[in-house]
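Below: the structure, in structure tokens.
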Amino acid sequence: MRRLAPLLFTPLFTLALILTGHAQNEPFSVGDHLPAFSMTAPESSTHRSYLGLSAEASQFTLADMDAPAVLIQIFSMYCPICQREAPEVNALYAALQREGLADMIKILGLGAGNSDLEVQVFQERYDIPFPLVSDPDYVLHKTFGGVGTPYFVLVQPSGSAENGHVVRLSHLGAFDSVEDFLKEMLTAKH
Amino acid sequence: MRLAHAPRLTIRTALLLGLLWVLLSAGSTLAGTPDGAKGAIFQNPKLKPIDSELQVRIGDPAPDFSLPAVHGETIALSDYHGRKNVMLSFVPAAWTPVCSDQWPGYNILQDIFDRHETIILGITVDNIPTLHSWLQAMGGLWFPVLSDFWPHGKTADAYGLLRGDGTTERALIFIDKQGLIRFLHVEDINIRPPLEIVMQGLQTLTD
Chain G
82 MRRLAPLLFT PLFTLALILT GHAQNEPFSV GDHLPAFSMT APESSTHRSY LGLSAEASQF
142 TLADMDAPAV LIQIFSMYCP ICQREAPEVN ALYAALQREG LADMIKILGL GAGNSDLEVQ
202 VFQERYDIPF PLVSDPDYVL HKTFGGVGTP YFVLVQPSGS AENGHVVRLS HLGAFDSVED
262 FLKEMLTAKH
Chain Y
365 MRLAHAPRLT IRTALLLGLL WVLLSAGSTL AGTPDGAKGA IFQNPKLKPI DSELQVRIGD
425 PAPDFSLPAV HGETIALSDY HGRKNVMLSF VPAAWTPVCS DQWPGYNILQ DIFDRHETII
485 LGITVDNIPT LHSWLQAMGG LWFPVLSDFW PHGKTADAYG LLRGDGTTER ALIFIDKQGL
545 IRFLHVEDIN IRPPLEIVMQ GLQTLTD
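In the order they appear, the protein sequences are chains G and Y.
To convert, note that position 34 of the first sequence is 115 in this note's numbering; the numbers rise steadily by one, no gaps.
To convert, note that position 65 of the second sequence is 429 in this note's numbering; the numbers rise steadily by one, no gaps.
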């Protein structure tokens, strides 16, 4: 009987891990590789152009983006922290433009659990200049470990198609200042 | 005796640990949950989507009620007759994940509600002190939140929204200035109703 306990516990523990594989709340670590995922291409021609997508593309991946580095923001229209921080993220975008880094680091927002309308309302409410992608069924959110919002991750192409994008910076929660976060991104970027 | 019981206890412990892991790790996402409230949010397991039967229909006069609001006064639905449309937003329970990220989203929609001459009345069966703490953690809301705590769930029950466990359904009821129900939606309790539903309801009030 005593031998039975670990035998019973091990499959239960394993089953639990399988069942909860995407329910963790852990952000990525620097050096991690992003799993492959695709997103719905934005309708706006300005945003398509910013992302380097053709007019015909209906879906896209990070590999399709014309950018040496991408800052991905996981947000939600329903998140009060994201609401409060939206002007700061806009200021970060403006700082990249001002510093001549607009083509070096692009910003992309993923609306965790947000429908197209919810993303649109958030974009219009805060006059957000960079593209936001809807993720109504939390598919992308699960890819990012089901983290809380806001969450920022700076990624770069790893150089091999199989390895996708590698994480250079991972930041859960609001950032303290635009200037400091910009410096942090530039230090992290290779 | 101790030796004889030890293996049974170990197996029971193993079973409990496995189940505990599953239960603790299940539950809804924290996306959208206010940072300050995350640690305090109860992670409920997946619940039966709907557990009551609506007692009202489109075109019916909305059952009137008078409930205490968190900010102090008592609010009756009839206070708005002839003045404003009302969206009743019933949510199941304070300090739970989906409820905690539903109402803060409505904070950035005030001008849309104003354009539709509509006020939101948030309703739960929690008591006032609990709701007070919860609203503080959410950073405040622009619309009143009412407590249907006592007689427990009487208002929710009048609409057919009181669940078997004493919480309410996650429901939106749109009532025009004449006090008639123009649109209603009962969502799966585990899911936040998409904004498209809110807009659809608002539209019926101004058609």
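All residues carry an ideal CB built from backbone N, CA and C; glycine is no exception.
A quick note: this is a predicted structure, and the numbers were derived from the prediction, not measured.
Report the option in the options whose CA atom is closest to the CA atom of residue i.
i	options	result
G/Leu250	G/Leu152, G/Ala136, G/Ser125, G/Phe118	G/Leu152
G/Phe211	G/Ser196, G/Met266, G/Lys187, G/Phe118	G/Lys187
G/Pro231	G/Ile162, G/Leu115, G/Glu265, G/Pro217	G/Ile162
Y/Pro432	Y/Ile483, Y/Leu536, Y/Ile492	Y/Ile492
G/Ser215	G/His252, G/Arg165, G/Ala122, G/Ala150	G/Ala122
Y/Gln542	Y/Phe406, Y/Phe507, Y/Ser442, Y/Val489	Y/Ser442
Y/Gly528	Y/Val434, Y/Phe406, Y/Val489, Y/Phe429	Y/Val489
Y/Asp424	Y/Leu548, Y/Ala535, Y/Leu485, Y/Lys518	Y/Leu548
G/Lys223	G/Val111, G/Ala117, G/Gly112	G/Ala117
G/Pro168	G/Ala255, G/Glu265, G/Met266, G/Ala269	G/Ala255
Y/Gln419	Y/Ala457, Y/Tyr523, Y/Asn408	Y/Tyr523
Y/Thr525	Y/His445, Y/Pro456, Y/Thr438	The sequence given here places Leu at residue 525 of chain Y; Thr does not occur at that position. It is Y/Pro456 whose Cα lies nearest to the Cα of Y/Leu525.
Is the CB of residue i under 8 Å away from at least one CB in chain G?
i	result
Y/Gln466	yes
Y/Ile545	no
Y/Ile472	yes
Y/Gly436	no
Y/Met451	no
Y/Glu560	yes
Y/Gly469	yes
Y/Asp571	no
Y/Gly503	yes
Does any residue of chain Y have a CB that is nearer than 8 Å to the CB of residue i?
i	result
G/Ser199	It should be pointed out that residue 199 of chain G corresponds to Glu in this sequence rather than to Ser. So, interface residue.
G/Gly158	Per the sequence shown, residue 158 of chain G should be read as Met rather than Gly. So yes, G/Met158 belongs to the interface.
G/Pro210	no
G/Pro161	yes
G/Val202	yes
G/Ser196	yes
G/Gln164	yes
G/Arg206	yes
G/Ser251	no
Which residues in the same chain have their Cβ closer than 6 Å to the Cβ of residue i, if we skip the five residues on either side of it in sequence?
i	result
Y/Arg546	Phe538, Asp540, Thr568, Leu569
G/Met146	Leu132, Gly133
G/Ala136	none
G/Gly112	none
G/Gly190	Gln154, Phe156, Leu213
With a threshold of 8 Å on Cβ separation, who are the neighbours of residue i within its own chain once the five nearest residues in sequence on each side are excluded?
i	result
G/His271	Gln237, Arg249
Y/Asn554	Ser392, Lys410, Leu411, Pro413, Val462
G/Arg48	One cannot answer for residue 48 of chain G here, as it falls past the ends of chain G, which runs 82 to 271.
G/Asn244	His114
Y/Leu505	Trp467, Pro468, Tyr470, Asn471, Gly486, Leu499
Helix, strand or coil for residue i, going by three-state DSSP, please let me know.
i	result
G/Tyr232	strand
Y/Ile574	Residue 574 of chain Y is absent from the model: chain Y starts at 365 and stops at 571.
G/Phe156	strand
G/Ala269	helix
G/Phe211	coil
Y/Gln474	helix
Y/Ser416	coil
G/Phe141	strand
Y/Leu569	helix
Y/Val434	coil
G/Ala150	strand
G/Thr121	strand
G/Pro238	strand
Y/Thr531	coil
Y/Leu387	With a pLDDT of 30 at Y/Leu387, under the threshold of 50, the modelled position of this residue cannot be trusted, and the question is left open.
Y/Gly517	coil
May I ask you to list the residues that DSSP assigns as paired with residue i?
i	result
G/His252	G/Phe233
Y/Phe538	Y/Met451, Y/Phe547
G/Gly133	In the DSSP output, where bridge partners are listed per residue, G/Gly133 has none listed.
Y/Pro409	Y/Pro409 pairs with nothing; no bridge assigned.
Y/Leu485	Y/Leu452
Y/Ile439	Y/Leu431
So, at 7 Å on beta carbons, what are the nonlocal neighbours of residue i in its own chain, with the 5 sequence-adjacent residues on each side left out?
i	result
Y/Val509	Ala433, Val434, Gly486, Leu495, Leu499
G/Val170	Gln154
Residues of chain C with CB under 7 Å from residue i, in chain order?
i	result
Y/Gly565	Absent here is chain C; the protein component of the structure consists of chains G and Y.
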